[in-house]
Amino acid sequence: MRIELVLGAGSAFGLAHLGVLRALGERGHEVVRLHGCSMGALVAGAVAAGSDHLLEQRVDRARLRDALRLLDLRVRGAGLVGGRRIERLLEELYGERRIEELDLPLRVVATDVSTWLPVDLDSGLLREAVRASIAVPALLPPIELAGRILADGTLVQPLPVPPEPDPRADRVLAVSVLGPPAAQPWRTGVPRRRTVHYVMDSLSIAQHGIEQAVLAAHPEVSLIQLPAGDGASALSFHRAGRIAALGHLAAREQLPALGL
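Here the sequence shown is numbered in our numbering, starting from 2 and rising by one per residue.
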């Protein structure tokens, strides 16, 4: 079946998209168009650029030290992380590929922080579009692109369902990694968690609410939904392999019920 695939935001949880893509391939489905936001944009970009094997290699061998190497921490600025090391990763994945020249049509969603509106990026350098889409507030600074200041698309469109389906696709399939939480760290009171974890948890709550509104407005969209958490946090990039495996398992369980 020809699938128009929507990959939602979710920081480290978004690495589950790799497992979902693996399950779709195992069942013989063909992805004909991709839409991505934040981590969903990073994964979608790798698939469209044909470099998903490089991303999977990094995910399979990810350890805590590998995640820490991506963090060029700084005291001043619009984000706790400067972002240069992450930009080098994007250069490794995408090189100088341009969105309009990719084998698969791709739409990356970011947020214009001046107008508070979503911005669809479907042309220009892929690495710049994804860098804008993953600019999580307080963590990564926004970037200037095409005369606009752009930040994480999660702020306005964490699940970037297209307004109209692609006529070449038989089904629009959205993947949300921000379902109801699998773990409830607040149940026994206020836990001793660092501020950045609380910020990420709070963003996930807001994102989940936006996603539910989007899905209610698009009942025609099929949905794979993974619970947020399940022993990991939105910053558990060192558990990338396990998160991808959970996405694969969830997709194998949910796709048959969707007729896929």
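Glycine included, each C-beta is placed from N, C-alpha and C at the ideal position.
In the structure shown, S52 falls within a coil segment according to DSSP collapsed to helix, strand and coil.
Less than 7 angstroms separates the beta-carbon of I144 from that of A133.
Nearest C-alpha to H219 among V110, S177, E165: E165. Counting the other Cβ atoms within 10 Å of the Cβ of I225 gives 16 or more, which makes it buried.
In this structure the stretch 153-170 touches the stretch 2-12; the number of beta carbon pairs closer than 8 angstroms is three or more.
Burial is judged here by how many other beta carbons sit within 10 angstroms of a residue's own beta carbon; H54 has fewer than 16 and is exposed. Distance from the CA of R253 to the CA of D153, rounded to the nearest whole angstrom, comes to 30 angstroms. Rounded to whole angstroms, L247 and E102 show a C-alpha spacing of 32 angstroms. The three-state secondary structure of V137, taken from DSSP, is coil.
Taking a 10 Å sphere around the C-beta of R169, we find fewer than 16 other C-beta atoms and assign the residue as exposed. The DSSP assignment places 3-8 as complete runs of the beta strand (DSSP E) inside the stretch 3-32, in order along the chain (cut-off: 3 residues).
Exposure of G29 is indicated by the presence of fewer than 16 other C-beta atoms within 10 angstroms of its C-beta.
Beyond the five residues adjoining it in sequence on each side, A24 comes within less than 7 angstroms, by CB distance, of H249, A252, R253, L256 in the same chain, given in chain order. In terms of Cα proximity to R240, the closest of M2, R3, A13 is A13. Within the same chain, and ignoring the five residues on either side of V137 in sequence, the residues whose Cβ sits closer than 6 angstroms to its Cβ are D153. I144 has L151 as its beta-bridge partners, per DSSP. One Cα belongs to M40, the other to G260, and the distance between them is close to 26 angstroms. If you draw a straight line from the Cα of H209 to the Cα of G15, it comes to about 13 angstroms. Counted as a single uninterrupted DSSP element, the stretch harbouring L122 is not any alpha helix (DSSP H) but the beta strand (DSSP E) occupying residues 118-122. Judged by their CB atoms, A17 and I244 are nearer to each other than the 7 angstroms cut-off. Judged by DSSP secondary structure, G242 falls within the alpha helix (DSSP H) whose first and last residues are 241-255. For the 7 angstroms CB-CB criterion, L43 and V178 do not form a contact.
In this structure, the alpha-carbon of H36 lies about 6 angstroms from that of L107. Comparing alpha carbon positions, the residue from A258, S124, L122, Q58 closest to L94 is Q58.
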